[in-house]
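Chains as they are written, first to last, in this note's numbering: chain A, 11 to 125; chain B, 11 to 125. Written out below as structure tokens is the structure these notes cover.
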DNA sequence: ACTGTATTTAAGCGACTTCTTAAATACGAG
DNA sequence: CTCGTATTTAAGAAGTCGCTTAAATACAGT
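Following this line, the structure appears as structure tokens:
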């Protein structure tokens, strides 16, 4: 219910169809029909996935005649990466003197329990 | 339904309670009761969150008397970061000669449409 | 064996997700 | 204004999610 930005972003990324759409958009703008082509699902289904991606701020849309081309918007991806980077030391092996850093992680996320 | 590893990981991260649990585990092992303390929810609810995190490989559990302490396992976080890193250039501004790189992204995720 | 503490399992509920088909809308072209 | 193309909205089915309470299990100490 909180629907904090990070949760919305990760939820949007938690679907292989949506990740494939982002991958496609990495090589440039595309129409809905273009984006739907690789998938064995109806057009409304793709349209709904695009709405999720748009709601997460991962894509933006313009207007050209009857087309509504989509383009990648990577800002939210950066936010997700920034969050994950907080844990980078855990897979890079140097576990020294990072306690204070980790405490800042905790205080940043601690309030989520109240939502 | 595909339940590929990346989808499972991102889905596990798409909940603020679970991210807060990971943040807590960043400072060391903890019991279920310890982990549940900050949250206004029942113990079974926390236990279920832990099961999701364990299913995603984000935590591992041991046994000590009646306690089942949890510890962070960052391998899956690294996988998520690796995926996101593919898009790093999009928020770092250098959009030159990355076409071939991006095509590799596409071929990696292209098959998701068949699932 | 009995008690208390830690944790999980089971069952159920309301909300949300992902997909479908059918119908609606938006726009350019003729 | 009608026609075809692109896309969305609407409504509904099936499954999943996050939570609850009640009951079960696991183990240590006495």
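Even glycine gets a Cβ: it sits at the ideal position worked out from N, Cα and C.
Chain-order list of chain A residues neighbouring residue 88/B: 94, 97, 98, 100, 101, 102, by C-beta distance under 9 Å.
Per DSSP, the unbroken beta strand (DSSP E) holding residue 81/A starts and ends at 80-82. Rounded to the nearest angstrom, the gap between the Cα atoms of residue 40/B and residue 70/B is 11 Å. If you check the CB distance, residue 57/B and residue 42/B come in under 9 Å. A straight-line Cα-Cα distance of about 8 Å links residue 38/A and residue 82/A. Chain order gives the chain A residues near residue 23/B as 20, where near means a beta carbon separation below 7 Å.
A residue is called buried when at least 16 other Cβ atoms come within 10 angstroms of its Cβ; residue 78/A does not meet this threshold and is exposed. When Cβ-Cβ separations below 9 Å define contact, residue 60/B makes no contact with chain A. The C-alpha of residue 46/A lies about 48 Å from the C-alpha of residue 73/B. Taking a beta-carbon distance threshold of 9 Å, residue 55/B does not count as an interface residue toward chain A.
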